[in-house]
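**Student:** Have a look at the structure that comes next, please.
Residue numbers (this note's numbering): 11 to 237.
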């Protein structure tokens, strides 16, 4: 997994204008929507090195590429419990990545590009790592989701938030914004990632979660914390 972390730190690409995120022409947007709907999203035959691009959807419309999942699905879900602080009706979907397809490649480059001004959207890399078989759950706001274990990984782009749950005296959840690129290595337990509200990525560690949390700010100062 060290190679994945080094790759995350080194990528400084610029997205292609073919990307859904960059298209302004209505006819091109419609063509992209039709393309996404016709693209194979099946994970049944996925092997250990499969990659999928994750998208935030509203109804039948692909709104934004949000992340890249590399690995093998452990479980897939068709009905999820909604995140307590977000009540929108967006959902998560995924398409198998093929580098030969220019639209998918453009979305891939958009997600992995970081280190430049982009409305303060940050990159998050999450890796399960350790002998305790940690598991990561990835959900939208409703319907679909999935989980995975090592040796999988996920990279996401958006406004990043860490949620803290306070059970006493009443159950309360507070979101703290994270204003840097982040690497999280899960060494034990579970963690849930919610993709919400078009651009938001919310991290919710389980009570049993143990992690190494590394943040890199604009001055390339790296801070690592074990939690």
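All C-beta atoms in this analysis are idealised placements derived from N, C-alpha and C, irrespective of residue type, glycine included. Computed from a predicted structure; not experimentally measured.
1. So which of 131, 111, 67 has the shortest CA-CA distance to residue 49?
2. Are the Cβ atoms of residue 151 and residue 96 separated by less than 9 Å?
3. Can you tell me the Cα-Cα spacing of residue 135 and residue 113, whole angstroms?
4. Apart from the five residues on each side of it in sequence, which residues of its chain come closer than 7 Å, Cβ to Cβ, to residue 191?
5. Could you tell me the distance, in whole angstroms, from the CA atom of residue 88 to the CA atom of residue 155?
6. Tell me the start and end of each unbroken beta strand (DSSP E) in the stretch 133-209 that is at least 3 residues and wholly inside, in chain order.
7. Once DSSP output is grouped into helix, strand and coil, what is the label at residue 65?
8. Using beta-carbon positions only, say whether residue 257 and residue 195 come within less than 9 Å of one another.
9. Are the CB atoms of residue 215 and residue 202 within a distance shorter than 9 Å?
10. Just the C-alpha distance for residue 198 and residue 223, rounded to the nearest angstrom, thanks.
11. Do residue 76 and residue 205 come within 9 Å of each other at the CB atom, strictly closer than that value?
12. Do residue 107 and residue 61 come within 9 Å of each other at the CB atom, strictly closer than that value?
13. Please list, in chain order, all residues of the same chain as residue 210 whose beta carbon is under 6 Å from its beta carbon, the five residues on each side excluded.
14. Would you mind working out which of 64, 15, 137, 130 sits nearest residue 200, comparing C-alpha positions?
15. Drop a sphere of 10 angstroms on the beta-carbon of residue 273, count the other beta-carbons inside from all chains shown, and report buried for 16 or more, exposed for fewer.
16. Counting only the same chain and skipping the five closest in sequence on each side, list residues whose C-beta sits under 8 Å from that of residue 158.
17. For the beta strand (DSSP E) containing residue 225, list its first residue and its last residue.
18. Kindly indicate the opening and closing residues of the beta strand (DSSP E) around residue 102.
19. Compare the beta carbon distance of residue 101 and residue 153 with 9 Å and say whether it is the shorter of the two.
20. Can you find the residues in the same chain that come closer than 8 Å, C-beta to C-beta, to residue 221, ignoring five residues on each side of it along the sequence?
21. Is the CB-CB distance between residue 122 and residue 64 below 9 Å?
22. Which residues bound the beta strand (DSSP E) around residue 122?
23. If I measure Cβ to Cβ from residue 218 and keep anything under 8 Å in the same chain, skipping five residues before and after, which residues do I get?
24. Classify residue 66: buried if its beta carbon has 16 or more other beta carbons within 10 angstroms, exposed otherwise.
**Tutor:** Looking at the atomic coordinates:
1. Of the candidates 131, 111, 67, the one whose C-alpha sits nearest the C-alpha of residue 49 is 111.
2. Closer than 9 Å, so yes.
3. One C-alpha to the other measures close to 23 Å.
4. Closer than 7 Å at the Cβ level, and outside the excluded window around residue 191, lie 124, 132, 133, 226.
5. Looking at the backbone, the Cα of residue 88 and that of residue 155 are separated by about 7 Å.
6. Runs found: 145-149, 155-158, 163-176, 182-188, 191-198, 200-206.
7. Reduced to three states, the DSSP call for residue 65 is strand.
8. Residue 257 cannot be examined here, being either before or after the span of the chain that is shown, 11 to 237.
9. Going by C-beta atoms, residue 202 is nearer than 9 Å to residue 215.
10. So the two alpha carbons sit approximately 13 Å from each other.
11. Cβ distance < 9 Å, so residue 205 and residue 76 count as in contact.
12. Yes, these two residues count as a Cβ contact at 9 Å.
13. Here the set comprises 168, 169.
14. Checking every option, the nearest Cα to that of residue 200 belongs to 137.
15. The chain is shown from 11 up to 237; residue 273 falls before or after that span and cannot be answered.
16. Excluding positions up to five away in sequence, the list reads 79, 81, 82, 83, 84, 138, 145, 146, 148, 164.
17. It spans 220-226 - the beta strand (DSSP E) in which residue 225 sits, taken as one unbroken run.
18. Taken as a continuous stretch (DSSP letters only), the beta strand (DSSP E) holding residue 102 covers 101-106.
19. The Cβ atoms of residue 101 and residue 153 lie closer than 9 Å to each other.
20. Once the five neighbours on either side are set aside, the close Cβ partners of residue 221 are 194, 195, 196, 197, 201, 215, 236, 237.
21. For residue 122 and residue 64, no; Cβs fall outside 9 Å.
22. No beta strand (DSSP E) holds residue 122; the alpha helix (DSSP H) holding it covers 112-122.
23. Closer than 8 Å at Cβ, skipping near neighbours: 198, 199, 200.
24. Counting the other CB atoms within 10 Å of its CB gives residue 66 a total of 16 or more, which places it among the buried residues.
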